[in-house]
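Heads up: the protein sequence lines correspond to chains A and B, in order.
Each number in this note's numbering corresponds to the 1-based position in the first sequence with 58 added.
Each number in this note's numbering corresponds to the 1-based position in the second sequence with 58 added.
Note that beta-carbon positions come from the ideal geometry of N, C-alpha and C, so glycine has one too.
All of these numbers come straight from a predicted model, not from anything done at the bench.
Structure, as structure tokens:
Protein chains: 2
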Amino acid sequence: MTIADIAAATGVATSTVSRALSRPGRVSAATRERIQAAARELDYVPHPPARALASGRTGTVALVVSDVTNPFYFGMIRGTQQQLKAAGYAHLLIDTEDSGEHEIEMLHTMRRSLDGAILGASRLPARSLVALAGEIPLVTVNRNVRGVPSVVIDTPAGIAQAVEHLVSLGHRDIVYVSGPQQSWSNQARWQAMKAALERHKLRAQRVGPFPSGRGSGTAAADAVLNSGATACVAFNDLFAIGMLTRLRERGVQVPADLSVVGCDDIFGADFSNPPLTTLTAPIEQAGRVAVSMLLSGLDHRAPEPQRRAVVLPTYLTVRESTGPADPSRR
Amino acid sequence: MTIADIAAATGVATSTVSRALSRPGRVSAATRERIQAAARELDYVPHPPARALASGRTGTVALVVSDVTNPFYFGMIRGTQQQLKAAGYAHLLIDTEDSGEHEIEMLHTMRRSLDGAILGASRLPARSLVALAGEIPLVTVNRNVRGVPSVVIDTPAGIAQAVEHLVSLGHRDIVYVSGPQQSWSNQARWQAMKAALERHKLRAQRVGPFPSGRGSGTAAADAVLNSGATACVAFNDLFAIGMLTRLRERGVQVPADLSVVGCDDIFGADFSNPPLTTLTAPIEQAGRVAVSMLLSGLDHRAPEPQRRAVVLPTYLTVRESTGPADPSRR
DNA sequence: TCCGGCGTGACAACCGTTTGCCATGTGTTG
DNA sequence: CAACACATGGCAAACGGTTGTCACGCCGGA
Numbered sequence: 059m060t061i062a063d064i065a066a067a068t069g070v071a072t073s074t075v076s077r078a079l080s081r082p083g084r085v086s087a088a089t090r091e092r093i094q095a096a097a098r099e100l101d102y103v104p105h106p107p108a109r110a111l112a113s114g115r116t117g118t119v120a121l122v123v124s125d126v127t128n129p130f131y132f133g134m135i136r137g138t139q140q141q142l143k144a145a146g147y148a149h150l151l152i153d154t155e156d157s158g159e160h161e162i163e164m165l166h167t168m169r170r171s172l173d174g175a176i177l178g179a180s181r182l183p184a185r186s187l188v189a190l191a192g193e194i195p196l197v198t199v200n201r202n203v204r205g206v207p208s209v210v211i212d213t214p215a216g217i218a219q220a221v222e223h224l225v226s227l228g229h230r231d232i233v234y235v236s237g238p239q240q241s242w243s244n245q246a247r248w249q250a251m252k253a254a255l256e257r258h259k260l261r262a263q264r265v266g267p268f269p270s271g272r273g274s275g276t277a278a279a280d281a282v283l284n285s286g287a288t289a290c291v292a293f294n295d296l297f298a299i300g301m302l303t304r305l306r307e308r309g310v311q312v313p314a315d316l317s318v319v320g321c322d323d324i325f326g327a328d329f330s331n332p333p334l335t336t337l338t339a340p341i342e343q344a345g346r347v348a349v350s351m352l353l354s355g356l357d358h359r360a361p362e363p364q365r366r367a368v369v370l371p372t373y374l375t376v377r378e379s380t381g382p383a384d385p386s387r388r
Numbered sequence: 059m060t061i062a063d064i065a066a067a068t069g070v071a072t073s074t075v076s077r078a079l080s081r082p083g084r085v086s087a088a089t090r091e092r093i094q095a096a097a098r099e100l101d102y103v104p105h106p107p108a109r110a111l112a113s114g115r116t117g118t119v120a121l122v123v124s125d126v127t128n129p130f131y132f133g134m135i136r137g138t139q140q141q142l143k144a145a146g147y148a149h150l151l152i153d154t155e156d157s158g159e160h161e162i163e164m165l166h167t168m169r170r171s172l173d174g175a176i177l178g179a180s181r182l183p184a185r186s187l188v189a190l191a192g193e194i195p196l197v198t199v200n201r202n203v204r205g206v207p208s209v210v211i212d213t214p215a216g217i218a219q220a221v222e223h224l225v226s227l228g229h230r231d232i233v234y235v236s237g238p239q240q241s242w243s244n245q246a247r248w249q250a251m252k253a254a255l256e257r258h259k260l261r262a263q264r265v266g267p268f269p270s271g272r273g274s275g276t277a278a279a280d281a282v283l284n285s286g287a288t289a290c291v292a293f294n295d296l297f298a299i300g301m302l303t304r305l306r307e308r309g310v311q312v313p314a315d316l317s318v319v320g321c322d323d324i325f326g327a328d329f330s331n332p333p334l335t336t337l338t339a340p341i342e343q344a345g346r347v348a349v350s351m352l353l354s355g356l357d358h359r360a361p362e363p364q365r366r367a368v369v370l371p372t373y374l375t376v377r378e379s380t381g382p383a384d385p386s387r388r
């Protein structure tokens, strides 16, 4: 079934069929009706590649993540999926395996088959990012680069809350567990942590960096213990959960001996042992907003009046992995 | 940059360029070299939609899941993603929101832009599934229907192991926590459970059905408690984890008062409180295998010699949510 | 010497839509 | 009533590749 068949069946030209089906208002109501009826009758389904070839629009948006395995992305996948489906777009998933080259390479190759892309947490240098944005509409998440629309989750503000929380519990030695150095978020979090601690006239220290992945929790836990701190803020929940496991192994009580707070509030943070105090990030919402921004930017006639950077707030969710500092340690 | 540009640059016909780039052996080594050099030089990137239109092959495979949110699918997403990327295919994600109609509708509409699809856990009746398989190459996971290639995870065999484990711990009242009734897996698991219990001359009972999602754990836990059983096998880990949470709330000790075993060994099962005894399913592998089957079937000249149904084994991972039955309860 | 076959490249016809432009018919305006 | 604007539908040219078929030249075999 092609529009030619429908054209034949209704006695009009293919161009009319095309317009009746995709550009309402361009043909009279009567013929439109007739054509749509015929289309339904013949179970006509448009051919996306043909449409894409002729119009340049593919109806597909890619979500680019550095590692599908990371639970952090689960929320993004979900959020983007929802919003894209609602808008009638298809959802392509691209895993860059943590490699910037892969990232740029894949997007470059696929740019013609995409209407745009959401970058889940780009590892790309700013220059490349801007260059890429010239090839294909982009929205970044948790990565703020001038000239590229972005949505960033304001974890730094949350970090301040977390520090507040820990300080109020009597902690004076608080350490930051650092994630991968190329990670923009990691930098942002560490900066926020330093600032917050300075405000309390406390020394900022950190351990790491550690590669992303739960496995890093082991080394991280040991490093934190070694630092003599009574509390720590981990780069993300995956680290924190990994640490929890290690700490149990070593017989360290959480939070009695050590308080730990995570970041992101991923799946699992609420039922870990003990349940994790963490910065709840609206990841899913971030995905939805990113898609909305991207899509609104795609809307041809839009003179780009949309906001180019939105920041989403986080809040501290206190569970059971944080508690009063051991008084004997002060 | 189109092949026409390359043709012009090298002084050959576009057909030659096309063949030089995609069908090795059809043109002489010398010209091929020249053409490839030019292509590299001009930074030529093929236009997927055009290719798809002309050839019918899209280089895209969809993974269809009933709910992206479900952690069970995370493994599938990962497995399929890996294998597809390795084969140079793009990975489309489709969420059917648990609706069979959605499922059939979406696949029907997108069939022309897909080379095939992996059905993560189809809700479709056998008839529809077979019909759909006629429209587009399909491989199902955890769903066995004659005529449609499939990979199924042999949880039933694992269930037997789980029952063995519980019985050996002295449990006599073991209940199955039932998932959604339309779920093929749920049926299979319940059947296996009944068979295993009968083998031990024990009565098979179940509670539920409950809708999928962690929230069901609450009702499930209460129901199990109410049943007077000393142990239970849950339809999946999500249920089990939800139950664990509820049981803590109610002050029920796991495993002292109640042993619980889950299914699938999803992310989180190892660090829940207590860590969950569960049937470890090779989900990721299932995804990989499904993709391999699909892709090998796509290989034109293949007279379909490939296996049409592979079953993957599971094994019981004993952690801390199962323990001896309370002797006073015997 | 002639012929058949093979390796190589060109020609051109698609694949199924979209869309710019033109022709026609109708309604509106002065 | 004339002139004009506008609404509607048709024509045909893209979009960027793939692929069946044919022509050519060269080779070896008879």
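F325(A) touches chain B at which residues, Cβ-Cβ below 8 angstroms?
Walking along the first sequence from the start, residue 325(A) turns up at place 267. Result: P129, F325, G326.
Kindly identify the DSSP beta-bridge partner or partners of T198(A).
Taking the first sequence and counting its residues from 1, one reaches residue 198(A) at position 140. According to DSSP, T198(A) bridges with L177(A), S208(A).
Could you give the residue range of the alpha helix (DSSP H) that holds Q141(B)?
As a working note, residue 141(B) is residue 83 in the second sequence. Note, Q141(B): alpha helix (DSSP H), 129 to 144.
Could you check whether the segment 181 to 195 of chain B touches the segment 125 to 133 of chain B, counting it as contact only if at least three pairs of C-beta atoms, one from each stretch, sit closer than 8 angstroms?
Contact between the segment 181 to 195 of chain B and the segment 125 to 133 of chain B is absent, because fewer than three Cβ pairs lie under 8 angstroms.
Where does V153(A) sit, in a helix, a strand or coil, going by DSSP?
If you number the first sequence from 1, residue 153(A) lands on position 95. Before going further, note that residue 153(A) is Asp rather than Val in the sequence given. Of the three classes helix, strand and coil, the one that applies to D153(A) here is strand, per DSSP.
When the Cα atoms are used, what is the spatial distance from A250(B) to V235(B)?
In the second sequence, residue 250(B) corresponds to position 192, counting from 1. In the second sequence, residue 235(B) corresponds to position 177, counting from 1. Using only the alpha carbons, I get a separation of about 13 angstroms.
Measure the alpha-carbon distance for I152(A) versus V122(A) and round it to whole angstroms.
Within the first sequence, residue 152(A) is the residue found at index 94, counting from 1. Within the first sequence, residue 122(A) is the residue found at index 64, counting from 1. For I152(A) and V122(A), the distance between alpha carbons rounds to 5 angstroms.
Return no unless some Cβ of chain A is closer than 8 angstroms to the Cβ of L111(B).
Stepping through the second sequence from its first residue, residue 111(B) is reached at position 53. Yes, L111(B) lies at the interface with chain A (some Cβ there is under 8 angstroms from its Cβ).
Could you have a look at V188(B) and say whether DSSP puts it in helix, strand or coil?
Numbered from its first residue, the second sequence carries residue 188(B) at position 130. V188(B) falls in the helix class under three-state DSSP.
State yes or no: is the C-beta of A220(B) within less than 8 angstroms of the C-beta of L316(B)?
The sequence position of residue 220(B) within the second sequence is 162, counting from 1. The sequence position of residue 316(B) within the second sequence is 258, counting from 1. No; because the gap between Cβ atoms is not below 8 angstroms, this pair is not in contact.
Using the beta-carbon of each residue, which ones in chain B are nearer than 8 angstroms to M168(A)?
Locating residue 168(A) in the first sequence gives position 110, where the first residue counts as 1. Ordered by position in chain B, the residues that pass the 8 angstroms Cβ test against M168(A) are P106, A148.
Counting beta carbon pairs with one atom in the segment 197 to 209 of chain A and one in the segment 134 to 145 of chain B, are three or more of them shorter than 8 angstroms?
no
At a CB distance below 8 angstroms, what residues from the segment 301 to 315 of chain B approach chain A? Give them in sequence order.
L302, T303
What are the boundary residues of the alpha helix (DSSP H) that includes A367(B)?
As a working mapping, residue 367(B) is identified with position 309 in the second sequence. Not the alpha helix (DSSP H): A367(B) falls in the beta strand (DSSP E), residues 367 to 371.
Continuous alpha helix (DSSP H) stretch holding G381(A): start and end
Translated into the one-based positions of the first sequence, residue 381(A) becomes position 323. Run containing G381(A): none; DSSP gives neither H nor E here.
Tell me the rounded alpha-carbon separation between A292(B) and R272(A).
Taking the first residue of the second sequence as 1, we reach residue 292(B) at position 234. Taking the first residue of the first sequence as 1, we reach residue 272(A) at position 214. Distance between the alpha carbons of A292(B) and R272(A): 26 angstroms.
Take G345(A) and list the residues in its own chain whose beta-carbon comes closer than 6 angstroms to its own, dropping the five residues that flank it on each side.
The sequence position of residue 345(A) within the first sequence is 287, counting from 1. Only M134, G137, T138 meet the Cβ criterion.
Using a cut-off of 7 angstroms between C-beta atoms, extract the partners of D153(A) located in chain B.
Counting from 1 along the first sequence, the entry for residue 153(A) is found at position 95. Neighbours of D153(A) on chain B, chain order: Q139, K143.
Span of the alpha helix (DSSP H), counted from its first residue to its last, around D63(B)
Here residue 63(B) corresponds to residue number 5 of the second sequence, with the count starting at 1. Unbroken alpha helix (DSSP H) run through D63(B): 61 to 68.
How about N331(B): is its C-beta nearer than 8 angstroms to some C-beta of chain A?
For the purposes of this step, residue 331(B) is taken as residue 273 along the second sequence, with counting starting at 1. Under the 8 angstroms criterion on CB atoms, N331(B) is classed as interfacial with respect to chain A.
Using a Cβ-Cβ cut-off of 8 angstroms, state whether D173(B) counts as contacting chain A.
In the second sequence, counting from the first residue as 1, residue 173(B) sits at position 115. Chain A contact via Cβ: absent.
Which residues DSSP lists as bridging G286(A), in chain order
For this step, residue 286(A) is matched to residue 228 along the first sequence. Per DSSP, none; premise fails for G286(A).
Just to confirm, does D323(A) get its C-beta within under 7 angstroms of one of the non-hydrogen atoms of the ligand GTP?
Judged by which ligands are present, the structure shown has none, so any question about the ligand GTP falls away.
I'd like to check one pair, T335(B) with A215(B): are the Cβ atoms closer than 8 angstroms?
Walking along the second sequence from the start, residue 215(B) turns up at place 157. Walking along the second sequence from the start, residue 335(B) turns up at place 277. A distance of 8 angstroms or more separates the beta carbons of A215(B) and T335(B).
State yes or no: is the beta carbon of T375(B) nearer than 8 angstroms to at least one beta carbon in chain A?
In the second sequence, counting from the first residue as 1, residue 375(B) sits at position 317. It does not: the Cβ of T375(B) has no partner Cβ on chain A nearer than 8 angstroms.
Going along chain B, which residues have a C-beta under 8 angstroms from I135(A)?
Indexing the first sequence from 1 puts residue 135(A) at position 77. In chain order: V126, I135, L151.
DSSP on Q343(B), reduced to helix/strand/coil?
In the second sequence, counting from the first residue as 1, residue 343(B) sits at position 285. Of the three classes helix, strand and coil, the one that applies to Q343(B) here is helix, per DSSP.
For A279(A), which residues of its own chain have a beta-carbon under 6 angstroms away from its beta-carbon, when the five flanking residues on both sides are left out?
Translated into the one-based positions of the first sequence, residue 279(A) becomes position 221. Here the set comprises M301, R304, L305.
Quick check: what's the CA-CA separation for T380(A) versus T154(A)?
On the first sequence, position 322 is the one that residue 380(A) refers to. On the first sequence, position 96 is the one that residue 154(A) refers to. So the two alpha carbons sit approximately 35 angstroms from each other.
Tell me, which residues are paired with V265(A) by DSSP?
Locating residue 265(A) in the first sequence gives position 207, counting from the first residue. Here V265(A) is bridged, per DSSP, to V235(A).
Using only the alpha-carbon positions, how far apart do D357(A) and G174(A) sit?
For this step, residue 357(A) is matched to residue 299 along the first sequence. For this step, residue 174(A) is matched to residue 116 along the first sequence. Roughly 12 angstroms separates the two Cα atoms.
Which residues DSSP lists as bridging T335(B), in chain order
Position 277 of the second sequence, counted from the first residue, corresponds to residue 335(B). V319(B), per the DSSP bridge assignment.
Residue-level contact to chain B via CB, F268(A), 8 angstroms cutoff:
Here residue 268(A) refers to the residue found at position 210 when the first sequence is read from its first residue. No, because no Cβ of chain B sits closer than 8 angstroms to the Cβ of F268(A).
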